[in-house]
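> Residue numbers (this note's numbering): 46 to 418. Positions of the beta carbon are idealized from the N, C-alpha and C atoms, including for glycine.
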Amino acid sequence: MTLSPPRPTTPVVDDPRATGSRVELRGIVKEFAGGARALDGIDLVIEPGELVALLGPSGCGKTTALRVLAGLENATAGTVLIDGTDVSGLPARSRDIGMVFQSYSLFPHMTALANVEFGLRMRRVPADERRLRAGDALEMVGLGGFGGRYAHELSGGQQQRVALARALVTEPRVLLLDEPLSALDARVRVQLRDEIRRIQQEFGITTVFVTHDQEEALAAADRVAVMRSGQIEQIGAPDEIYSRAATPFVAEFVGSSNRMRGSVSGGTVQLGTVRLPLIDPSQPDGEVVAFVRPEDIRLGRASGGASGTLSAAGAVPAEVVSTSFLGSYRRTTVALEDGTVLTVQHPANLVCAADERVVLEFDGAPVAVSRWE
46 MTLSPPRPTT
56 PVVDDPRATG
66 SRVELRGIVK
76 EFAGGARALD
86 GIDLVIEPGE
96 LVALLGPSGC
106 GKTTALRVLA
116 GLENATAGTV
126 LIDGTDVSGL
136 PARSRDIGMV
146 FQSYSLFPHM
156 TALANVEFGL
166 RMRRVPADER
176 RLRAGDALEM
186 VGLGGFGGRY
196 AHELSGGQQQ
206 RVALARALVT
216 EPRVLLLDEP
226 LSALDARVRV
236 QLRDEIRRIQ
246 QEFGITTVFV
256 THDQEEALAA
266 ADRVAVMRSG
276 QIEQIGAPDE
286 IYSRAATPFV
296 AEFVGSSNRM
306 RGSVSGGTVQ
316 LGTVRLPLID
326 PSQPDGEVVA
336 FVRPEDIRLG
346 RASGGASGTL
356 SAAGAVPAEV
366 VSTSFLGSYR
376 RTTVALEDGT
386 VLTVQHPANL
396 VCAADERVVL
406 EFDGAPVAVS
416 RWE
């Protein structure tokens with residue numbers, strides 16, 4: 046779907062250089078009744094115009110962090126700053142923030158246009174300007190001809206676009222998205238994810254995107270903050286989070302990893318006959334569990350074969366347990382001679398049968414490790 050930018054004379058948001066605000070969370074703690082701690086000292090800086098994804102499993106605190114930033118929850122301790130101003134004591138309506146929820150939250154008795162106008166009406170914007178700006182916002186999200194429809198006449202994806210237009214039309218300094226795509230089917234989810242990213246980049250709106258979906262976070266964000274148990278486990282660019290996981294939790298939660306028992310010495314890890322570099326070379330010597338990505342292992346036939354012969358010097362013998370076809374690639378589960386079971390990702394044109402003898406070669410990508418217990 047092609048997006049139509051707002052008319053030059055009535056922009057939904059201002060020039061990107063003036064739109065994005067700097068957001069900072071300092072030492073944010075949130076405790077609920079009974080002493081349950083949802084946030085445990087969150088420190089996070091989001092630069093103007095940046096899209097940061099808060100990624101993590103259910104219950105890790107990501108939505109609570111968003112609600113504290115929005116002013117929908119009061120922090121037990123810590124400070125929320127927007128453009129250097131402490132807004133911790135301000136109610137949500139005074140923080141100049143737009144928010145889109147997992148549920149579409151549209152007023153069923155209002156048309157799409159009226160839903161988008163609502164925030165402007167609360168700000169006492171004149172009727173003619175309201176209609177013009179709301180119409181532009183609907184055009185921006187690809188719903189220029191849908192202003193007269195009610196929520197029950199719109200698909201889930203269309204309803205969420207209306208909710209996005211409603212959040213943007215007030216020209217917020219910060220846009221907060223709380224699992225906005227989780228209720229949509231896969232095709233619409235990808236389409237709307239890309240549209241959100243396009244709008245965010247076009248207008249430079251500082252955005253925080255909460256999701257439990259790794260692919261969404263990696264595809265949409267400038268930086269990803271991986272959360273666990275009320276804390277930020279790691280924050281960085283998507284490729285950094287995926288390729289250089291700082292902790293075993295990140296290595297296993299973002300993407301998938303094979304667990305292999307090994308031994309660290311001299312800044313590397315020995316996994317059977319294979320020695321690999323460490324993401325953190327300062328790891329102390331000793332027994333560990335290493336986390337190896339499926340795509341960092343090459344698979345070939347034990348006798349050579351049409352899809353590539355692996356060098357005998359680095360080859361590790363294995364036996365195929367099962368294989369799955371996933372379109373452009375396959376995932377094959379293999380067992381090593383010591384009983385270790387690994388998953389390998391490889392080109393779809395290499396087809397292996399159960400019980401077939403194969404060989405593996407490790408690409409040498411650095412790995413994360415944790416102490417063996």
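Can you tell me whether DSSP reads Asp341 as helix, strand or coil?
Looking at Asp341 - three-state DSSP - the assignment turns out to be helix.
> Give me the Cα-Cα distance between Leu183 and Val214, rounded to the nearest whole angstrom.
For Leu183 and Val214, the distance between alpha carbons rounds to 9 Å.
> Do the region 259 to 277 and the region 231 to 250 make contact, defined as three or more Cβ pairs closer than 8 Å?
Taking 8 Å as the limit for Cβ pairs, the verdict is that the region 231 to 250 does touch the region 259 to 277.
> Measure the C-alpha to C-alpha separation of Val333 and Gly106 and round it to an integer number of angstroms.
Going by the C-alpha atoms only, they are around 29 Å apart.
> Should the region 289 to 304 be regarded as contacting the region 107 to 118, the criterion being three or more beta carbon pairs within less than 8 Å?
The answer is no - the region 107 to 118 does not touch the region 289 to 304, with fewer than three Cβ pairs under 8 Å.
> Mapping DSSP to helix, strand and coil, what is Leu355?
Residue placement at Leu355 cannot be trusted, given a pLDDT of 47 that sits under 50; what the coordinates show is reported in the next sentence. Coil at Leu355, not helix or strand.
> Starting from the C-beta of Ala421, find all residues in its chain whose C-beta is less than 8 Å away, skip the five residues before and the five after it, and write them out in chain order.
This structure cannot speak to residue 421, because the chain is shown only from 46 to 418.
> Do three or more CB pairs link the region 322 to 336 to the region 369 to 388 at distances below 8 Å?
Counting Cβ pairs under 8 Å, fewer than three are found: no touch.
> Quick one: complete alpha helix (DSSP H) runs, 4+ long, within the region 247 to 300?
Complete alpha helix (DSSP H) runs here, min 4: 259 to 265, 283 to 288 and 293 to 298.
> Per DSSP, Pro392 forms a beta bridge with which residues?
Pro392 is bridged to Tyr374.
> At what residues does the beta strand (DSSP E) containing Gln315 begin and finish?
Run containing Gln315: Thr313 to Leu316, per the beta strand (DSSP E) assignment.
> Grab the span of the alpha helix (DSSP H) containing Phe11 for me, first residue to last.
Here the chain comprises residues numbered 46 to 418, so residue 11 is not present and cannot be evaluated.
> Can you give the beta carbon distance from Arg211 to Phe163, rounded, assuming they're within the 8 Å contact cut?
Correct: roughly 7 Å between the Cβ atoms.
> Compare the C-alpha of Leu158 against each of Leu199, Arg320 and Ser148 and name the closest.
Leu158 has its Cα closest to that of Leu199, out of Leu199, Arg320 and Ser148.
> Find out if the Cβ-Cβ distance for the pair Ala41, Val113 is shorter than 8 Å.
Lying before the first or after the last residue shown, residue 41 is absent from the chain, which here runs from 46 to 418.
> Between which two residues does the alpha helix (DSSP H) containing Glu184 stretch?
From DSSP, the alpha helix (DSSP H) with Glu184 extends over Ala172 to Met185.
> Grab the span of the alpha helix (DSSP H) containing Ala208 for me, first residue to last.
Gly201 to Leu213 is the span of the alpha helix (DSSP H), which, as asked, contains Ala208.
> Taking buried to mean at least 16 other C-beta atoms within 10 Å of its own C-beta, is Met185 buried or exposed?
Per the 10 Å Cβ criterion, buried.
> If we ignore side chains and look at the alpha-carbon of each, how far apart do Gln204 and Gly80 end up?
So the two alpha carbons sit approximately 38 Å from each other.
> Decide if Ala335 is buried, meaning its Cβ has at least 16 other Cβ atoms within 10 Å, or exposed.
By the 10 Å Cβ count, Ala335 comes out buried.
> Check Ile244 in the structure and name its three-state DSSP category.
DSSP places Ile244 in helix when its eight states are reduced to three.
> Could you work out which residue in Arg243, Ile127 and Ala83 is closest to Ser139 when comparing CA atoms only?
The candidate whose alpha carbon is nearest that of Ser139 is Ile127.
> If you reduce the DSSP assignment to three classes, tell me which class Leu114 lands in.
Three-state DSSP puts Leu114 in a helix.
> Are Asn160 and Val233 touching if we call contact CB-CB under 8 Å?
The answer is no: Cβ separation not under 8 Å.
> Please name the residue, chosen from Thr318, Phe248, Met272 and Gly307, that lies closest to Val299 on a Cα-to-Cα basis.
Taking only the C-alpha atoms, the option nearest Val299 is Met272.
> Buried or exposed for Thr130, please, with buried defined as at least 16 other CB atoms from any protein chain shown within 10 angstroms of its CB.
With fewer than 16 Cβ atoms within 10 Å of its Cβ, Thr130 is classed as exposed.
> Leaving out five residues on either side along the sequence, give the residues of the same chain with a beta carbon under 8 Å from the beta carbon of Leu220.
Hits under 8 Å: Ile142, Gly143, Met144, Val145, Ala212, Leu213, Gln245, Ile250, Thr251, Thr252 and Val253.
> Mind reading off the beta-carbon distance from Ala196 to Leu226? Whole number of angstroms is fine, and I expect it under 8 Å.
Not confirmed; about 18 Å, so no contact.
> If you measure between the beta carbons of Val314 and Val414, is that distance less than 8 Å?
It is a contact, given that the beta carbons lie within the stated cut-off.
> So which of Arg82, Leu371, Asp408 and Arg346 has the shortest CA-CA distance to Thr363?
Looking at the sequence itself, residue 363 is Ala, so the reference to Thr does not match. Nearest C-alpha to Ala363: Arg346.
> Quick one: give me the first and last residue of the beta strand (DSSP E) that Arg67 is part of.
No beta strand (DSSP E) holds Arg67; DSSP gives it neither H nor E.
> Please name the residue, chosen from Arg320, Asn303, Arg304 and Ala398, that lies closest to Ser310 on a Cα-to-Cα basis.
The shortest C-alpha separation from Ser310 is found at Arg320.
> Quick one: Cα of Arg402 to Cα of Val366, how far?
Near 10 Å, if we compare the C-alpha coordinates of Val366 and Arg402.
> Cβ of Val68 within 8 Å of Cβ of Leu84?
Cβ distance not < 8 Å, so Val68 and Leu84 don't count as in contact.
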